[in-house]
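Student:
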Amino acid sequence: MSTYVIGDLQGCLTPLVQLLEQIQYRPEQDKLWFAGDLINRGHESLETLRFIKSLGDNATVILGNHDLHLLAVSHGFGTLKRGDTLTEILSARDRDELMDWLRQQPLCHYDKTLNTVMTHAGIPPCWSLEDTLTFAKEVETKLKSDTVDEFFATMYGNTPNQWDNTLTGLDRLRAITNYLTRMRFCDKNSKLDLKSKEGINTASKGYAPWFNYPTKLPEDCHIVFGHWAALEGKTQQDRIHALDTGCVWGGSLTALRLEDRQRFSTPCTINRKKS
Numbered sequence: 001m002s003t004y005v006i007g008d009l010q011g012c013l014t015p016l017v018q019l020l021e022q023i024q025y026r027p028e029q030d031k032l033w034f035a036g037d038l039i040n041r042g043h044e045s046l047e048t049l050r051f052i053k054s055l056g057d058n059a060t061v062i063l064g065n066h067d068l069h070l071l072a073v074s075h076g077f078g079t080l081k082r083g084d085t086l087t088e089i090l091s092a093r094d095r096d097e098l099m100d101w102l103r104q105q106p107l108c109h110y111d112k113t114l115n116t117v118m119t120h121a122g123i124p125p126c127w128s129l130e131d132t133l134t135f136a137k138e139v140e141t142k143l144k145s146d147t148v149d150e151f152f153a154t155m156y157g158n159t160p161n162q163w164d165n166t167l168t169g170l171d172r173l174r175a176i177t178n179y180l181t182r183m184r185f186c187d188k189n190s191k192l193d194l195k196s197k198e199g200i201n202t203a204s205k206g207y208a209p210w211f212n213y214p215t216k217l218p219e220d221c222h223i224v225f226g227h228w229a230a231l232e233g234k235t236q237q238d239r240i241h242a243l244d245t246g247c248v249w250g251g252s253l254t255a256l257r258l259e260d261r262q263r264f265s266t267p268c269t270i271n272r273k274k275s
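Take 1 as the starting number for the sequence shown in UniProt numbering and just add one per residue.
(1) Near Asn271, what residues of its chain come up, given a Cβ to Cβ distance below 6 Å and the 5 sequence neighbours on each side ignored?
(2) Could you compute how far the alpha carbon of Lys274 sits from the alpha carbon of Glu21?
(3) By how many angstroms is the C-alpha of Tyr4 removed from the C-alpha of Leu256?
(4) Could you give the C-beta distance for Leu107 and Ala136, rounded to a whole number, given that I count them as a contact under 8 Å?
(5) Excluding the five sequence neighbours on either side, which residues of its own chain have a C-beta within less than 7 Å of the C-beta of Asp238, listed in chain order?
(6) Select from Asn201, Pro15, Leu133, Asp164 the residue whose C-alpha is nearest the C-alpha of Ser45.
(7) Per the DSSP calculation, Ile240 is bridged to which residue(s)?
(8) For the pair the segment 167–175 and the segment 84–99, tell me if three or more CB-CB distances fall below 8 Å.
(9) In this structure, how does DSSP classify Met99 when only helix, strand and coil are distinguished?
(10) Should Pro124 and Cys186 be called a contact, given that it needs their Cβ atoms to be closer than 8 Å?
(11) Tell me whether Met99 is buried or exposed, calling it buried when 16 or more other Cβ atoms sit within 10 Å of its Cβ.
(12) Determine the extent of the beta strand (DSSP E) in which Val5 is found, giving its start and end residues.
(13) For Asp67, count the other beta carbons within 10 Å of its own beta carbon; 16 or more makes it buried, fewer makes it exposed. Which is it?
(14) Which residue from Ala72, Ser2, Leu231, Leu80 puts its Cα closest to that of Leu102?
(15) CB Thr245 to CB Ala229, shorter than 8 Å?
(16) Can you tell me whether DSSP reads Tyr110 as helix, strand or coil?
(17) Let me check understanding here. Comparing Cα to Cα, which of His75, Asn178, Leu143, Ala203 lies closest to His227?
(18) Taking only the alpha-carbon atoms, compute the straight-line gap between Thr116 and Tyr25 and give it to the nearest angstrom.
(19) Run through the segment 167–218 for me and flag every whole alpha helix (DSSP H) of 4 or more residues, listed as ranges in chain order.
(20) In terms of residues, what are the limits of the beta strand (DSSP E) holding Arg261?
(21) In the DSSP assignment, find the beta strand (DSSP E) that holds Lys81 and state where it starts and stops.
(22) Would you report the Cα separation of Thr266 and Pro218, rounded to the nearest angstrom?
(23) Is Leu38 helix, strand or coil when you go by DSSP?
(24) With distances taken between CB atoms, is the gap from Phe225 to Leu253 smaller than 8 Å?
(25) From the DSSP output, in three-state form, read off Ala92 for me.
(26) For Gly122, count the other beta carbons within 10 Å of its own beta carbon; 16 or more makes it buried, fewer makes it exposed. Which is it?
(27) Cβ of Lys197 within 8 Å of Cβ of Arg184?
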C-alpha cells in the first residue's frame with residue numbers, strides 16, 4: 001500500500017487522471033491525500049469535485065482557501081471574482097450534496113504512522129502539532145454547525161494577523177483559517193503578511209517564508225502543504241514539502257509518495273493566464 005499526497009488541483013481533472021495513471025494508482029490498496037484547493041480557476045471544477053467525492057474513503061481531503069470561498073458563496077456570502085470557475089458547481093443539480101460533503105472536510109490531517117501532517121498553507125512557527133490539530137478542530141466544528149453562516153459572514157479579512165491565545169469568537173476562527181489556508185510570509189513572531197503572494201525573494205522587510213523559521217513540531221515530523229505555486233515545489237527544507245507546482249497556471253501536477261518521499265508529476269494540459 002502507498003500513500004500519495006497531491007498538490008492543488010484547482011479544477012484540473014484531466015492532469016489528475018493522467019497522474020493517477022502514471023503512479024499506477026490501485027484503488028484497492030493505495031490512499032490519496034489532497035492538499036486543498038480542489039477547485040477554482042481550472043475548467044473542470046465541477047467534474048473534479050464529483051470525482052474526489054466519488055473516491056470515498058480512499059481520499060483524504062483538507063480544505064484550502066478556494067474551497068472555503070466556494071462554500072461561503074454557496075451560503076450567500078462573498079462574491080465571485082473575475083477568473084473564478086465556480087458557476088457550474090453553484091448551478092449543479094447535486095450542488096447541495098457536494099457542498100454538504102465539502103463542509104465536512106477538515107483543515108488539517110495528521111497520520112501518526114507516517115508521522116506527517118498536512119494543511120493547505122502550512123503551520124505557523126508559534127504552533128506545536130497539538131496546537132495545530134486543536135485549533136483546526138475549532139474551525140471544523142464551526143463549519144459543521146448550524147451557525148456556520150456567521151462564520152462565512154466574517155471569514156474574509158486579513159486581521160487579526162498575529163496569533164494570540166486570548167483571541168476569541170469569530171476573530172479567533174478567522175485567524176486560524178488564515179494561518180492554515182492563506183499563510184505564506186510571516187515574521188519571527190508569526191505575524192502574517194497576507195498581501196505578498198509571489199516567490200521567496202519578494203518578502204517584505206522583516207518577513208520570511210513561514211518554513212524558514214524553527215518549528216515547534218517534533219523533529220521527525222514531516223509537513224506537506226500546497227497553496228504557494230510560486231515556490232515551484234521547493235522549500236529547501238528536508239521535512240517540509242511544497243506540492244503546489246502551478247498546474248492551473250501551466251505548470252505541473254505533483255504527487256509525493258509518503259513512504260519513500262518520491263515525487264511524481266505530470267504536465268498541465270491547459271495554459272491559463274492569471275487574472
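A virtual CB, placed ideally from N, CA and C, is assigned to each residue, including glycine. Since the model is a prediction, treat every value here as computed from it, not as a measurement.
Tutor: The short version:
(1) The residue you call residue 271 lines up with position 271 of the sequence shown. Note that Asn271 scores a pLDDT of 45, beneath 50, so its modelled location is shaky; the value from the coordinates is reported in the next line. For Asn271, where only same-chain residues beyond five positions count, the Cβ hits under 6 Å are Gly250.
(2) Your numbering for residue 274 matches position 274 in the sequence shown. Your numbering for residue 21 matches position 21 in the sequence shown. Because the pLDDT at Lys274 is just 40, under 50, the model does not fix this residue reliably, and the value given afterwards should be weighed accordingly. Whole-angstrom Cα-Cα distance: 28 Å.
(3) By 1-based counting over the sequence shown, the position of residue 256 is 256. By 1-based counting over the sequence shown, the position of residue 4 is 4. Rounded to whole angstroms, Leu256 to Tyr4 spans 5 Å at the Cα level.
(4) Along the sequence shown, one-based indexing puts residue 107 at 107. Along the sequence shown, one-based indexing puts residue 136 at 136. Contact holds; Cβ gap of about 4 Å.
(5) In the sequence shown, counting from the first residue as 1, residue 238 sits at position 238. Here the set comprises nothing.
(6) As a first step, residue 45 is located in the sequence shown; it is residue number 45 there, counting from the start. Looking at the Cα atoms, Pro15 is the closest of the given residues.
(7) Against the sequence shown, residue 240 aligns to sequence position 240. As computed with DSSP, Ile240 is found in a beta bridge with Ile223.
(8) By the Cβ criterion, the segment 167–175 is not in contact with the segment 84–99, since fewer than three pairs of Cβ atoms, one from each stretch, lie closer than 8 Å.
(9) Taking the sequence shown and counting its residues from 1, one reaches residue 99 at position 99. The answer is helix: DSSP assigns Met99 an H, G or I state.
(10) By one-based count along the sequence shown, residue 124 stands at place 124. By one-based count along the sequence shown, residue 186 stands at place 186. Cβ distance < 8 Å, so Pro124 and Cys186 count as in contact.
(11) As a first step, residue 99 is located in the sequence shown; it is residue number 99 there, counting from the start. Under the 10 Å beta carbon count, Met99 is surrounded by 16 or more other beta carbons and is classified as buried.
(12) As a working mapping, residue 5 is identified with position 5 in the sequence shown. Start and end: 3–6.
(13) Taking the first residue of the sequence shown as 1, we reach residue 67 at position 67. So Asp67 ends up on the buried side.
(14) Position 102 of the sequence shown, counting from 1, holds the residue named residue 102. Ranking the options by Cα distance to Leu102, first place goes to Ala72.
(15) Numbered from its first residue, the sequence shown carries residue 245 at position 245. Numbered from its first residue, the sequence shown carries residue 229 at position 229. Yes, Cβ-Cβ distance for Thr245 and Ala229 is below 8 Å.
(16) For the purposes of this step, residue 110 is taken as the residue at position 110 of the sequence shown. Looking at Tyr110 - three-state DSSP - the assignment turns out to be strand.
(17) On the sequence shown, position 227 is the one that residue 227 refers to. Among His75, Asn178, Leu143, Ala203, the Cα nearest to that of His227 belongs to Asn178.
(18) To locate residue 116, count along the sequence shown from 1; it is residue 116. To locate residue 25, count along the sequence shown from 1; it is residue 25. Their backbone Cα atoms lie some 21 Å apart in a straight line.
(19) 169–181
(20) Taking the first residue of the sequence shown as 1, we reach residue 261 at position 261. Arg261 -> no beta strand (DSSP E), and no H or E assigned at all.
(21) Taking the sequence shown and counting its residues from 1, one reaches residue 81 at position 81. Where Lys81 is concerned, there is no enclosing beta strand (DSSP E), given that its DSSP letter is neither H nor E.
(22) In the sequence shown, counting from the first residue as 1, residue 266 sits at position 266. In the sequence shown, counting from the first residue as 1, residue 218 sits at position 218. So the alpha carbons of these two residues sit roughly 32 Å apart.
(23) Here residue 38 is taken as the residue at index 38 of the sequence shown, counted from 1. Here Leu38 sits in coil by DSSP.
(24) Your numbering for residue 225 matches position 225 in the sequence shown. Your numbering for residue 253 matches position 253 in the sequence shown. Not in contact: Phe225 and Leu253 (Cβ atoms no closer than 8 Å).
(25) Residue numbering aside, residue 92 sits at position 92 when the sequence shown is read from its first letter. It is coil, neither helix nor strand.
(26) For the purposes of this step, residue 122 is taken as residue 122 along the sequence shown, with counting starting at 1. Classification for Gly122: buried.
(27) The residue labelled residue 197 in the question sits at position 197 within the sequence shown. The residue labelled residue 184 in the question sits at position 184 within the sequence shown. Yes. Within cutoff.
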